[in-house]
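Asker: 676 is the number of the first residue of the sequence shown in this note's numbering; add one for each residue after it. Built from N, CA and C at the ideal position, the CB exists for glycine as well. Fair warning: this is a prediction, and the values are worked out from it, not measured in the lab. One structure, pasted below without further comment.
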Amino acid sequence: MTFTYEVTDAGDANVRKQIVAPLIRFNESQAGPNDFRALAVVVTDDEGAVVGGLWGSTAYGWLHVDLLVVPEAARGQGAGTRIMDLAEAEAVARGCHGAWLDTFDFQARPFYEKRGYVRFGELPDYPAGHTRIFLTKKLAG
């Protein structure tokens with residue numbers, strides 16, 4: 676069999692599915708079904724416009740928080756806590772026992788640590804001069 680290799684910056688969701696399919700099959704043969712489900716907490720304003728929220732997923736008993744955006748006008752008013760509480764409660768309802776996320780040293784690390792998240796890794800100089808920090812938390816349930 677002859678293979679062709681191509682580098683591209685075009686993100687095609689269908690191509691990604693084709694690339695990841697054999698990996699998913701292998702992982703499930705080793706660890707069982709991953710029961711992946713998307714999870715979002717959507718924050719809207721008075722006019723119904725999306726102004727923030729949380730984007731993540733649950734799989735293998737874990738909540739992964741991909742991103743959290745607290746509307747600027749709601750910062751310091753408990754909005755971040757409310758969003759995280761909702762996501763973590765939904766994760767527990769789905770049977771999750773842990774959560775993990777990453778943040779940058781100039782973002783919300785202290786906020787997550789106050790919520791009980793602990794550092795389990797870091798990627799220095801990403802972006803240059805900063806650190807990407809990985810945090811985890813055991814969820815009740």
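Here's a check: name, in chain order, each residue in its chain whose Cβ is nearer than 8 Å to the Cβ of Ile-758, leaving out the five neighbours to either side.
Answerer: Once the five neighbours on either side are set aside, the close Cβ partners of Ile-758 are Val-716, Val-718, Gly-727, Gly-728, Leu-729, Leu-743 and Val-745.
Asker: Please return the same chain residues whose Cβ sits closer than 6 Å to the Cβ of Tyr-787, not counting the five positions on each side in sequence.
Answerer: Hits under 6 Å: Leu-810.
Asker: Counting only runs of 4+ residues fully inside the stretch 743 to 771, write out the alpha helix (DSSP H) ranges in chain order.
Answerer: With a minimum length of 4 residues, the continuous alpha helix (DSSP H) runs that stay inside the stretch 743 to 771 are 754 to 768.
Asker: Spatial neighbours of Gly-796 within its chain, please: C-beta separation below 6 Å, excluding the five flanking residues on both sides.
Answerer: Closer than 6 Å at the Cβ level, and outside the excluded window around Gly-796, lie Phe-809.
Asker: Among residues of its own chain, excluding the 5 on either side of Tyr-792, which ones have a beta-carbon nearer than 6 Å to its beta-carbon?
Answerer: These residues qualify, in order along the chain: Leu-810 and Lys-812.
Asker: For Glu-797, which beta-bridge partners are listed by DSSP?
Answerer: According to DSSP, Glu-797 bridges with Ile-808.
Asker: Using the Cα positions of Thr-806 and Gly-770, report the straight-line distance between them to the nearest angstrom.
Answerer: So the alpha carbons of these two residues sit roughly 31 Å apart.
Asker: Report the rounded CA-to-CA distance for Ala-768 versus Lys-692, giving the unit in angstroms.
Answerer: Distance between the alpha carbons of Ala-768 and Lys-692 is about 28 Å.
Asker: Are the beta-carbon atoms of Ala-774 and Leu-798 separated by less than 8 Å?
Answerer: Contact: no.
Asker: Within 10 angstroms of the Cβ of Gly-755, are there 16 or more other Cβ atoms? Answer buried if so, exposed if not.
Answerer: Buried, by the Cβ-count rule.
Asker: DSSP three-state label for Ala-774, please.
Answerer: Strand.
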